[in-house]
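Enquirer: Next up is a structure, given as structure tokens.
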Amino acid sequence: MKQKHLKIFRVVFSLLLLLGITSLFVDFRELIPTAWADRLLFLQFVPSVIQFITVPAVLSAGFIIILVLTALFGRVYCSFICPLGIFQDIVSWISKKAKVIKRYKFRKALNYLRYPVLALVVISLLFGSMFVLNLLDPYSSFGRIFSDIVRPGIIAANNGLASLFEKFDMYFLYRLNLDLVTWKTVFIPAVLVIAVVVLAFYYGRLYCNAICPVGTVLGFLSRFSVFRIRMDKATCTKCGKCAFACKSTCINIKTQEVDNSRCVACYNCIDVCPENSIKYMTGKGSAKAAFKPVAVTTDDSKREFIGKTLVYAVALTGLSEKVFSAETEDRPAGKIKNPKKYPVTPPGSVSIRHFTDRCTACHLCISVCPTKTLQPSFLEYGFTGMSQPHMDYGIEYCNFECTKCGEVCPTGAILPITVEEKKLEQLGKVNFVKTKCIVYTDNTSCGSCSEHCPTQAVKMVPYKDDLTIPETDTDICIGCGACEFACPVKPHTAIFVDGNTVHQVAKAPKVEELKQESSDDFLF
Amino acid sequence: MKRRDFIRNSVGFGVLSSAALSMGNFDRLMAEETDALQLPYDMVAIKGGEAAEMFEKGIASLGGMKQFVKPNQTVVVKPNIGWDSAPERAANTNPLLVAAIVESCKRAGAKAVYVFDNTCAEGVRCYKMSGIEDAVKKAGGTMVSGRTEGYYQEVSLPNAKRLKTARVHELIIKSDVFINVPVLKNHGGSTLSVAMKNMMGVVWDREFWHSNDLHQCIADFTTYRKPDLNVIDAYRVMKRNGPRGVSVADVATMKYQIIGKDIVAIDTAAAKVFGIDPKQVKHIALAEQLGSGTTNIDGLKVNRISMGA
Chain R
367 MKQKHLKIFR
377 VVFSLLLLLG
387 ITSLFVDFRE
397 LIPTAWADRL
407 LFLQFVPSVI
417 QFITVPAVLS
427 AGFIIILVLT
437 ALFGRVYCSF
447 ICPLGIFQDI
457 VSWISKKAKV
467 IKRYKFRKAL
477 NYLRYPVLAL
487 VVISLLFGSM
497 FVLNLLDPYS
507 SFGRIFSDIV
517 RPGIIAANNG
527 LASLFEKFDM
537 YFLYRLNLDL
547 VTWKTVFIPA
557 VLVIAVVVLA
567 FYYGRLYCNA
577 ICPVGTVLGF
587 LSRFSVFRIR
597 MDKATCTKCG
607 KCAFACKSTC
617 INIKTQEVDN
627 SRCVACYNCI
637 DVCPENSIKY
647 MTGKGSAKAA
657 FKPVAVTTDD
667 SKREFIGKTL
677 VYAVALTGLS
687 EKVFSAETED
697 RPAGKIKNPK
707 KYPVTPPGSV
717 SIRHFTDRCT
727 ACHLCISVCP
737 TKTLQPSFLE
747 YGFTGMSQPH
757 MDYGIEYCNF
767 ECTKCGEVCP
777 TGAILPITVE
787 EKKLEQLGKV
797 NFVKTKCIVY
807 TDNTSCGSCS
817 EHCPTQAVKM
827 VPYKDDLTIP
837 ETDTDICIGC
847 GACEFACPVK
857 PHTAIFVDGN
867 TVHQVAKAPK
877 VEELKQESSD
887 DFLF
Chain H
27 MKRRDFIRNS
37 VGFGVLSSAA
47 LSMGNFDRLM
57 AEETDALQLP
67 YDMVAIKGGE
77 AAEMFEKGIA
87 SLGGMKQFVK
97 PNQTVVVKPN
107 IGWDSAPERA
117 ANTNPLLVAA
127 IVESCKRAGA
137 KAVYVFDNTC
147 AEGVRCYKMS
157 GIEDAVKKAG
167 GTMVSGRTEG
177 YYQEVSLPNA
187 KRLKTARVHE
197 LIIKSDVFIN
207 VPVLKNHGGS
217 TLSVAMKNMM
227 GVVWDREFWH
237 SNDLHQCIAD
247 FTTYRKPDLN
257 VIDAYRVMKR
267 NGPRGVSVAD
277 VATMKYQIIG
287 KDIVAIDTAA
297 AKVFGIDPKQ
307 VKHIALAEQL
317 GSGTTNIDGL
327 KVNRISMGA
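As given, the protein sequences belong to chains R and H, one line each in that order. For the first sequence, this note's numbering gives the first residue as 367, with consecutive numbering after it. For the second sequence, this note's numbering gives the first residue as 27, with consecutive numbering after it.
Here it is as structure tokens:
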């Protein structure tokens with residue numbers, strides 16, 4: 367392959383991968399088999415590292431391949447693999463087509479930003495918190511944007527289209543309930559998508575070189591990679607086309623040097639060079655060359671950007687939750703809060719600790735959850751666990767036959783389990799508050815909780831005047847939340863599931879044979 | 027016009043026009059009441075055969091499906107598809123019966139036969155696991171989503187005691203013929219789930235029913251649109267742990283079916299078939315008080331067909 371062809375190879379490869387990863391996150395009809403998640407996300411850096419620590423295996427060794435590739439060719443992860451990087455490239459491309467960015471110009475590395483950010487990530491990890499890493503990991507950020515913001519948009523479009531077809535009695539598309547969107551769960555990806563889009567629109571790959579911790583880490587290595595993008599000073603005419611094309615603003619045309627710690631290996635420079643002077647070369651010159659002081663350019667638009675971000679963030683918090691959330695009918699009993707101690711983590715997540723220590727909040731499990739029981743958390747895991755998913759039984763309950771979240775989780779926070787295991791994995795225990803129950807307060811029938819219970823851990827037993835009332839058996843309860851979801855006492859239900867800090871194994875429900883009676887009579 | 031403005035305007039227009047379209051008026055053009063219909067029997071009970079055969083015999087003895095479905099009419103069939111469990115578990119209506127009904131409607135000249143349920147478990151899985159989606163598609167019917175809020179429209183029930191309004195699936199509102207196909211089973215909350223209880227699956231806001239005297243609301247809903255035909259599936263009957271059931275051990279094989287127009291009478295008969303006193307199922311008497319039918323099945327003309335050995 368001639369080096370001139372590298373760019374087209376990069377563009378085709380990255381767009382195909384992006385298409386695959388995006389489909390995973392927005393597939394609202396369950397068309398993509400979960401096995402595809404492993405394949406498409408194998409090379410995602412941060413999830414792979416965490417998965418490798420949890421389950422050391424070849425299938426979780428994707429990050430090693432990335433390290434080797436970086437040592438050979440520089441930050442190819444950023445241009446070929448990272449979905450947020452590819453997404454930014456699309457934004458920059460649009461910006462260029464719209465003639466907003468006509469040309470990039472060399473800018474000094476923002477070391478005072480990227481190193482402290484990385485240090486912050488490392489320090490918070492040392493203190494046992496995933497919070498800063500989760501906020502900044504590019505793959506997970508991409509996931510949150512597409513799961514929490516783009517996906518509801520696509521469902522809305524689907525619904526519009528479906529109602530159109532239904533006018534003509536065609537039902538192959540069908541309308542779906544829109545995913546619940548509240549400011550509490552959407553502000554993190556919203557702030558991020560605005561930041562990333564604005565940065566990419568005006569400054570190319572600045573996010574990747576000033577904030578992204580993965581970019582900074584791979585940047586350390588790419589300085590010393592075997593093949594590096596360099597300029598051939600003998601043939602270079604200093605025409606500047608490469609620097610104009612450089613989204614990473616890392617080509618200094620005056621010194622004819624490339625800052626390889628910031629180069630994301632997009633090959634746009636190779637593509638535009640009329641003299642064929644800039645290309646991959648093996649490292650002969652000093653890697654430190656790129657760090658010589660150069661002319662400093664100040665940048666007012668950066669300030670403008672920070673200002674804009676603040677304005678958008680404030681504007682977003684102004685969106686009241688009531689606009690989005692469904693109406694609930696309040697009963698007096700429903701106003702009494704329940705003594706719920708722990709949040710519920712998904713089946714396969716072992717324990718709250720196991721889960722929160724490994725989850726990067728990419729929200730892929732939320733995207734694939736067929737019932738939408740999995741929702742981004744707000745303060746359920748505490749401030750530092752914000753936006754890691756939890757089981758929200760106010761919205762739905764965990765499907766008895768489903769194990770999809772564990773099948774797709776790229777970090778090992780949710781481990782894959784079989785349906786048989788899932789049916790006995792106790793995520794939490796049922797608690798029944800009799801004094802709030804409809805049967806007790808109204809003396810009328812209900813049974814909604816027991817109706818939904820897959821194991822009859824909630825069973826209706828005789829009460830008075832032909833009425834039946836729930837009775838619970840925590841031994842066979844698996845904490846799926848069906849009872850809590852179905853309870854009509856809102857918003858604080860008469861029956862609820864309190865999470866197990868460590869998941870337990872429930873007993874299987876007893877099965878007694880039924881006496882089969884047959885009659886020749888018509889019975890009435 | 028700037029490109030940006032163009033895009034902005036066209037997106038806005040698209041959203042507006044689809045919103046406008048979705049607000050179309052779905053009110054059913056009032057079809058002639060089938061009450062004038064003279065049927066040879068008020069009710070047919072069939073036992074001992076396979077689900078589809080029993081239905082064919084039963085409907086034939088009423089004069090065939092053409093009594094209920096006229097050429098070019100639209101039909102909505104509402105089975106119980108509440109749970110994502112296999113037919114053997116008897117939590118859902120027998121798919122073979124649903125298919126037989128769809129085919130029979132098509133033969134009578136129906137323009138389209140729609141099938142849906144507002145399922146209790148996740149909708150796609152219920153349609154699939156119940157075997158009903160496959161069976162209906164093969165029979166030439168159309169599955170429609172029932173677990174999407176957008177399909178439900180508010181209707182008022184002036185003659186009801188508690189349930190004054192309900193949000194009902196648009197297919198129930200606009201279809202010419204409504205066939206109710208419940209499965210007979212035990213129910214922890216409403217004692218028994220048969221024809222009237224099955225109607226909860228055409229409503230979106232059923233949480234209201236549970237919190238406002240369930241039996242009264244079930245009875246109240248019969249004052250809205252009564253099914254033109256009810257077919258009770260009692261081939262496999264869930265005798266306990268209903269309505270979802272825990273395992274196949276909850277199921278008795280009865281090979282029974284009841285067909286009739288009167289939803290109160292047919293539920294009364296079904297309670298007896300199940301083996302309990304109809305008085306224990308409070309909504310049956312409440313519906314009779316509202317004038318929705320009779321519990322006096324001895325006064326009805328019943329055709330009893332025995333098949334097989």
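The C-beta atom is built at its ideal place from N, Cα and C for all residues, glycine as well. Just so it is clear, the structure is predicted and the values come from calculations on it, not from any experiment.
Could you check what DSSP says for Leu-539 (chain R) in three-state terms: helix, strand or coil?
Expert: coil
Enquirer: Taking only beta carbons into account, state which residues of the segment 381-413 of chain R come closer than 7 Å to chain H, listed in chain order.
Expert: Glu-396
Enquirer: By Cβ distance, which residues of its chain are closer than 6 Å to Asn-525 (chain R), with the 5 residues on each side in sequence left out?
Expert: For Asn-525 (chain R), where only same-chain residues beyond five positions count, the Cβ hits under 6 Å are Arg-541.
Enquirer: Touching or not, the segment 200-211 of chain H and the segment 166-173 of chain H, by the rule of three or more beta carbon pairs under 8 Å?
Expert: no
Enquirer: Please list the segments of the alpha helix (DSSP H) lying wholly inside the segment 787-846 of chain R, counting only runs of 4 or more residues, in order along the chain.
Expert: Counting whole runs of 4 or more residues, the segment 787-846 of chain R contains the alpha helix (DSSP H) stretches 804-808, 814-818.
Enquirer: Would Asp-276 (chain H) count as contacting chain R if we go by Cβ distances under 8 Å?
Expert: yes
Enquirer: Secondary structure at Ala-874 (chain R), three-state DSSP: helix, strand or coil?
Expert: coil
Enquirer: Quick one: any contact between the segment 114-123 of chain H and the segment 171-185 of chain H, if contact means 3 or more CB pairs under 8 Å?
Expert: no
Enquirer: Over the uninterrupted alpha helix (DSSP H) stretch that includes Ser-182 (chain H), give me the two end residues.
Expert: Premise fails: Ser-182 (chain H) lies in the beta strand (DSSP E), 178-182, not in any alpha helix (DSSP H).
Enquirer: Three or more beta-carbon pairs under 8 Å between the segment 89-103 of chain H and the segment 125-144 of chain H, yes or no?
Expert: yes
Enquirer: Alpha carbon to alpha carbon, how far is Phe-247 (chain H) from His-309 (chain H)?
Expert: Taking the straight line joining both Cα atoms gives about 10 Å.
Enquirer: Which residues of chain R have a Cβ atom closer than 7 Å to the Cβ of Asn-267 (chain H), listed in chain order?
Expert: Gln-822
Enquirer: So is Arg-510 (chain R) buried or exposed if we call it buried at 16+ other beta carbons inside 10 Å?
Expert: buried
Enquirer: What first and last residue would you give for the beta strand (DSSP E) that runs through Ser-259 (chain H)?
Expert: For the sequence presented, residue 259 (chain H) should be read as Asp rather than Ser. It spans 255-264 - the beta strand (DSSP E) in which Asp-259 (chain H) sits, taken as one unbroken run.
Enquirer: Closest Cβ-Cβ distance between Val-877 (chain R) and chain H: below 8 Å?
Expert: Yes, contact with chain H.
Enquirer: Ignore the nearest five residues each way along the sequence and tell me which others in Ser-130 (chain H)'s own chain have a CB closer than 7 Å to its CB.
Expert: Ile-85, Met-91
Enquirer: Provide the residue span of the beta strand (DSSP E) that contains Leu-740 (chain R), from first to last.
Expert: 740-742
Enquirer: How about Asp-535 (chain R): is its C-beta nearer than 8 Å to some C-beta of chain H?
Expert: yes
Enquirer: Counting along the chain, where does the alpha helix (DSSP H) carrying Lys-550 (chain R) start and finish?
Expert: 549-569
Enquirer: Specify the secondary structure class of Ile-72 (chain H) as computed by DSSP and reduced to three states.
Expert: strand
Enquirer: Residues of the segment 858-884 of chain R with a CB closer than 7 Å to any CB of chain H: list them in chain order, please.
Expert: Pro-875, Val-877, Glu-878, Glu-879, Leu-880, Gln-882
Enquirer: Rounded to whole angstroms, what is the Cα-Cα separation between Gly-813 (chain R) and Ile-835 (chain R)?
Expert: 7 Å
Enquirer: What runs of the beta strand (DSSP E), each 3 residues or longer, lie entirely inside the segment 200-229 of chain H?
Expert: 203-207, 209-213, 217-219
Enquirer: With a threshold of 8 Å on Cβ separation, who are the neighbours of Phe-538 (chain R) within its own chain once the five nearest residues in sequence on each side are excluded?
Expert: Residues Phe-531 of the same chain have their beta carbon placed closer than 8 Å to that of Phe-538 (chain R), with the five preceding and five following residues left out of the count.
Enquirer: For Ile-432 (chain R) and Phe-379 (chain R), what's the separation of their Cα atoms in angstroms?
Expert: 16 Å
Enquirer: Are the beta-carbon atoms of Ala-576 (chain R) and Arg-480 (chain R) separated by less than 8 Å?
Expert: yes
Enquirer: I'd like the list of long-range same chain contacts for His-869 (chain R), defined as Cβ closer than 8 Å, with 5 residues on each side in sequence excluded.
Expert: Only residues of its own chain outside the window of five on either side were considered, and among them Thr-711, Pro-713, Ser-715, Val-716, Ser-717, Glu-791, Gln-792, Leu-793 have a CB closer than 8 Å to the CB of His-869 (chain R), listed in chain order.
Enquirer: Would you tell me roughly how many angstroms separate the C-alpha atoms of Gly-319 (chain H) and Gly-751 (chain R), rounded to the nearest one?
Expert: 58 Å
Enquirer: Closer than 9 Å between beta carbons: that is the criterion. Which residues of the segment 505-533 of chain R meet it against chain H?
Expert: Ala-522, Ala-523, Asn-525, Gly-526, Leu-527, Ala-528, Ser-529, Leu-530, Glu-532, Lys-533
Enquirer: Report the partner residues of Phe-593 (chain R) according to the DSSP bridge assignment.
Expert: R:Thr-648
Enquirer: Which residues of the segment 155-183 of chain H have a Cβ closer than 8 Å to any Cβ of chain R? Give them in chain order.
Expert: Met-155, Thr-168, Met-169, Val-170, Ser-171, Arg-173, Thr-174, Glu-175, Gly-176, Tyr-177
Enquirer: Determine, using beta carbons only, whether Gly-581 (chain R) and Tyr-470 (chain R) come nearer to each other than 8 Å.
Expert: No, the Cβ-Cβ distance between Gly-581 (chain R) and Tyr-470 (chain R) is not below 8 Å.
Enquirer: Comparing the C-beta of Met-826 (chain R) with each C-beta of chain H, is any distance below 8 Å?
Expert: yes
Enquirer: Determine the closest residue to Pro-235 (chain H) out of H:Val-263, H:Glu-196, H:Thr-191, H:Asn-256, with distance taken between C-alpha atoms.
Expert: Checking the sequence shown, residue 235 (chain H) turns out to be Trp, not Pro. It is H:Thr-191 whose Cα lies nearest to the Cα of Trp-235 (chain H).
Enquirer: Using a Cβ-Cβ cut-off of 7 Å (strictly less than) and excluding sequence neighbours within five positions of Lys-305 (chain H), which residues of its own chain qualify?
Expert: Ala-311
Enquirer: If you reduce the DSSP assignment to three classes, tell me which class Ala-57 (chain H) lands in.
Expert: Below a pLDDT of 50, predicted positions are generally treated as unreliable, and Ala-57 (chain H), at 42, falls in that range; no measurement from the model is reported.
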